[in-house]
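Report on the following structure.
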Amino acid sequence: MSKRTLDETSAPDPAAGRTEKKSKLETHSAPVRLDVGNGHSASEADAVQASSAFQPATITKRRLDETSTTDPVAEPAGKKIRLDTDSPNGHAEAGSGPDITKAEADLYDRQIRLWGLDAQQRMRHSKILVIGVTGLSNEICKNLVLSGVGGLTVISSDIVEESDLSVQFFLRETDIGTNLAKAVAPRIQALNPRVQVDALTFDVHKQPSKFFDNFDVICCCNVARYGMIRINNICRGLGKKFYAVDTAGVIGYIFCDLYTHKFVESKKSSGRNDAVKSTFQKTYKYQALEQVLESKWGMLNYAALSKREKRAFNARVDPVYFAFNVLWQFEEETNGVPNADDFERLRSVRDTFMRSVECDPAYVSDDLLRCLTKISYAHGELAAVCAVLGGYAAQDILKVISAKDAPFDNFFAFNGTAFSGKQLKLGKLDQVVVEINKPVKKPVETIVVAVD
């Protein structure tokens, strides 16, 4: 398994890959002590009572279902999740027990208000395997752990090198010469002690199929093409969710094969005062990576296409997808990454590969190939590109685990030269949509809190 790094620094961003939403109702988990003079203090409640004569009644509006935890995927209508308040200090082992604890509910309050308790509960019990320790996998692990997944396992048989420090913010100089997974695991754990973080040091490609049955999602970071295909086929046989991510300088990609994935998606009307919410249960059926890579494109002369035909073709695919295929082919033929002296050979590999998939070689420009020849200087990782792709990949994994909203399907191409990303549907993707409930107008409850 090769590593790609570049001498740039990165810092963890606790907000990356997460969506936050302000609540209409704010609560306080503990009383606030107020100084009332003469060396005495009073709670916030006492202070409010003392000044009640000067405060008018407060009226708050909220939706009746604002705190509802019902989810058509996991629970029958009207069923709610119980908060476990019996555990010592409100704490529990990560992902253990049937119910989410009060302490966890307070910690993930914003996420619960956005996704619901059912979604957070599914995340709490999920187990994720991240294969490879890179700058990109650092970003993914950071975002997943901060979001409260149940367990995260990182696996790598590689040793920390000095060049790894440039883009992997979990590493220190004292880690040089130690195993990568062992070095980063304690610092990932420190981000969220409620998540179980494990490190494995053996070669994942030598493991039997039953090894992968211990996880819900498997994410490959900077894994060779043959390795990704093998692991992907194992995941399909076990019904596990599969992701593959990588960067090469200023470009990167995310691929997912979720086999068969069911999720719930809600849509609201644009009206503000009479919002109507419709809920749909959708099922996506994905193709394996091996099938996607065998696709034929039937476009032998890009320059001869009309503007309309070019727009249609560009909507189907992106040069970044083909560039990574050329890179994989080069790595398999040479057992190494290209450098500046390999440009002509890289062009030859491009021409041969593009013709084999019935696509014009000129679609992958020479300028894009030259970007690939520069990754040998530090194996191709840029901190900024890792942050963007890591946030997006982690966000999509959380969508899949929580079964809330649609994941992307099934390839995301990022081009840092234009700072653009494109979501592609490669291969055949079947979709089934079932409406769970008819649109209904939500009543508004008015709560009057009178202060005597």
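If you count by full-length UniProt numbering, then the sequence shown holds residues 1 to 452, one letter each, in order. Ideal placement from N, C-alpha and C gives every residue a C-beta, glycine not left out. These numbers were taken from a predicted model, which means no experiment stands behind them.
For residue i: DSSP bridge partner residues
{"i": "residue 358", "result": "According to DSSP, residue 358 bridges with nothing at all."}
{"i": "residue 263", "result": "282"}
{"i": "residue 257", "result": "242"}
{"i": "residue 131", "result": "155 and 220"}
{"i": "residue 299", "result": "359"}
{"i": "residue 179", "result": "159"}
N- and C-terminal bounds of the alpha helix (DSSP H) containing residue i
{"i": "residue 313", "result": "307-316"}
{"i": "residue 250", "result": "First-last for residue 250: undefined, no H or E at that position."}
{"i": "residue 413", "result": "Taken as a continuous stretch (DSSP letters only), residue 413 belongs to no alpha helix (DSSP H), being part of the beta strand (DSSP E) at 411-415."}
{"i": "residue 390", "result": "383-402"}
{"i": "residue 373", "result": "366-373"}
{"i": "residue 102", "result": "102-107"}
{"i": "residue 167", "result": "No alpha helix (DSSP H) holds residue 167; DSSP gives it neither H nor E."}
{"i": "residue 330", "result": "319-334"}
{"i": "residue 337", "result": "Looking at the DSSP string, residue 337 is not in any alpha helix (DSSP H), and its letter there is neither H nor E."}
{"i": "residue 290", "result": "289-293"}
{"i": "residue 119", "result": "117-124"}
C-beta atoms of residue i and residue j nearer than 8 Å
{"i": "residue 127", "j": "residue 192", "result": "no"}
{"i": "residue 332", "j": "residue 230", "result": "no"}
{"i": "residue 380", "j": "residue 249", "result": "yes"}
{"i": "residue 398", "j": "residue 254", "result": "no"}
{"i": "residue 239", "j": "residue 246", "result": "no"}
{"i": "residue 236", "j": "residue 257", "result": "yes"}
{"i": "residue 151", "j": "residue 221", "result": "no"}
{"i": "residue 277", "j": "residue 266", "result": "yes"}
{"i": "residue 322", "j": "residue 363", "result": "yes"}
{"i": "residue 507", "j": "residue 178", "result": "The structure shown does not extend to residue 507, since the chain is modelled only from 1 through 452, so no value can be given for it."}
{"i": "residue 409", "j": "residue 284", "result": "yes"}
{"i": "residue 124", "j": "residue 100", "result": "yes"}
{"i": "residue 261", "j": "residue 407", "result": "yes"}
For residue i, the first and last residue of its enclosing beta strand (DSSP E)
{"i": "residue 423", "result": "420-424"}
CB contact check: residue i to chain D, cutoff 8 Å
{"i": "residue 358", "result": "Given the protein chain composition of this structure (a single chain), no chain D is represented."}
Taking only runs that begin and end inside the segment 190-228, name each unbroken beta strand (DSSP E) of 3 or more residues, in chain order. 196-200 and 217-221
Exercise. Would you check if the segment 383-393 and the segment 132-144 touch, i.e. whether three or more CB-CB distances between them fall below 8 Å?
Key: yes
*Quick check: the segment 173-193 against the segment 145-157, are there 3 or more CB pairs under 8 Å?*
yes
Inter-stretch contact (C-beta, 8 Å, three-pair minimum) for the segment 314-330 and the segment 347-354
Between the segment 314-330 and the segment 347-354 there are three or more inter-stretch CB-CB distances shorter than 8 Å, so the stretches are counted as touching.
request  = Examine the Cβ distances between the segment 158-176 and the segment 111-119 and report whether three or more of them are shorter than 8 Å.
outcome  = As far as the Cβ criterion goes, the segment 158-176 does not touch the segment 111-119, which means the pair count is below three.
Touching by the beta-carbon criterion (3+ pairs, under 8 Å), the segment 297-306 and the segment 416-430: no
Practice prompt. Please determine if the segment 279-289 and the segment 355-365 are in contact, where contact requires at least 3 C-beta pairs separated by less than 8 Å.
Written response: no
Exercise for review: Please determine if the segment 170-183 and the segment 197-216 are in contact, where contact requires at least 3 C-beta pairs separated by less than 8 Å.
Suggested key: yes
Count the C-beta pairs between the segment 113-124 and the segment 402-419 that are closer than 8 Å, then say yes if the count reaches three, no if not. Segment contact: the segment 113-124 against the segment 402-419, three or more CB-CB distances shorter than 8 Å; contact assigned.
Indicate whether the contact test is met: 3 or more Cβ pairs, each with one atom in the segment 366-374 and one in the segment 337-347, closer than 8 Å. yes
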